[in-house]
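Visitor: Before anything else, here's the structure in question.
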Amino acid sequence: MIMKLNTLKPADGARKERTRVGRGIGSGLGKTAGRGHKGSFARAGKGKIKAGFEGGQMPMHMRLPKIGFRSKLKADTAEVFLYQLEKLDGDVDFAALRAAKLVPSTAKKAKVVKNGEISKKLVLKGLLVTAGARAVIEAAGGKIEE
């Protein structure tokens, strides 16, 4: 048998007709059209409830205590380790760190942290330094200027 375009039709059960609600008692979905009686879901355009809404009860995210603290200082301060400073010579300031690509472009300050060792005499200018890192730098003959 030859297939003809004008005889094509989908397989039985492949396409389901949409339910027409509110079309009389005989349809089984007349009167309230499957929405029940009263309430927000029975009304037009009122069936959405915000995420986290618990029917007027105090929501869970408001019942739980506030915990933690996020330091704004930490967000814009980059950490530089001692072993990374070994690559640099002479005076080390924020511009030198940025030129050596040791701090990201988003950072506004840099803090030297004790991680590794250093053997060079370095002069740090305008950088934040931890107590441990300060001791190691000064022991190597370096200096920290504010």
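Each residue of the sequence shown is one higher than the last, beginning at 1 in UniProt numbering.
For every residue, glycine included, the Cβ atom is placed at its ideal position computed from N, Cα and C.
#1: Give a yes or no on whether the C-beta atoms belonging to residue 102 and residue 80 are separated by under 8 Å.
#2: The alpha helix (DSSP H) spanning residue 94 covers which residue range?
#3: So residue 126 and residue 93 are supposed to be a Cβ contact under 8 Å. How far apart are they, rounded?
#4: Taking DSSP's pairing of strands, which residues face residue 109 in a bridge?
#5: Give the DSSP bridge partners of residue 129, in chain order.
#6: Looking at residue 85 and residue 118, is the spacing between their C-beta atoms short of 8 Å?
#7: What does residue 124 pair with, by DSSP beta-bridge criteria?
#8: Using a threshold of 8 Å, state whether the C-beta atoms of residue 52 and residue 61 are closer than that.
#9: Tell me which residues share the same chain as residue 5 and place their Cβ nearer than 8 Å to its Cβ, disregarding the 5 neighbours each side in the sequence.
#10: Spatial neighbours of residue 100 within its chain, please: C-beta separation below 7 Å, excluding the five flanking residues on both sides.
#11: Over the uninterrupted alpha helix (DSSP H) stretch that includes residue 85, give me the two end residues.
#12: Given this structure, state the Cα-to-Cα distance separating residue 144 from residue 72, to the nearest angstrom.
Guide: In this structure, then:
#1: Position 102 of the sequence shown, counting from 1, holds the residue named residue 102. Position 80 of the sequence shown, counting from 1, holds the residue named residue 80. Contact: yes.
#2: On the sequence shown, position 94 is the one that residue 94 refers to. Segment 94-99, the alpha helix (DSSP H) holding residue 94.
#3: Within the sequence shown, the letter at position 126 stands for residue 126. Within the sequence shown, the letter at position 93 stands for residue 93. Yes, residue 126 and residue 93 are in contact; Cβ-Cβ is about 5 Å, under 8 Å.
#4: Walking along the sequence shown from the start, residue 109 turns up at place 109. Note: residue 109 sits in a beta bridge opposite 77.
#5: Looking up residue 129 in the sequence shown gives position 129. According to DSSP, which records beta bridges pairwise, residue 129 is partnered with 112.
#6: Numbered from its first residue, the sequence shown carries residue 118 at position 118. Numbered from its first residue, the sequence shown carries residue 85 at position 85. Here residue 118 is near residue 85, since their CB atoms are less than 8 Å apart.
#7: In the sequence shown, residue 124 corresponds to position 124, counting from 1. DSSP lists 92 and 144 as partners of residue 124.
#8: To locate residue 52, count along the sequence shown from 1; it is residue 52. To locate residue 61, count along the sequence shown from 1; it is residue 61. Yes, these two residues count as a Cβ contact at 8 Å.
#9: As a working note, residue 5 is residue 5 in the sequence shown. Sequence-distant Cβ neighbours of residue 5 in its own chain, meaning closer than 8 Å and more than five residues away, do not exist here.
#10: The residue labelled residue 100 in the question sits at position 100 within the sequence shown. Cβ within range, chain order: 87 and 88.
#11: Residue mapping note: residue 85 aligns to position 85 of the sequence shown, counting from 1. Under the DSSP assignment, residue 85 falls in the alpha helix (DSSP H) whose first and last residues are 82-85.
#12: Your numbering for residue 144 matches position 144 in the sequence shown. Your numbering for residue 72 matches position 72 in the sequence shown. Each residue's CA atom was taken as its position, placing residue 144 and residue 72 some 25 Å apart.
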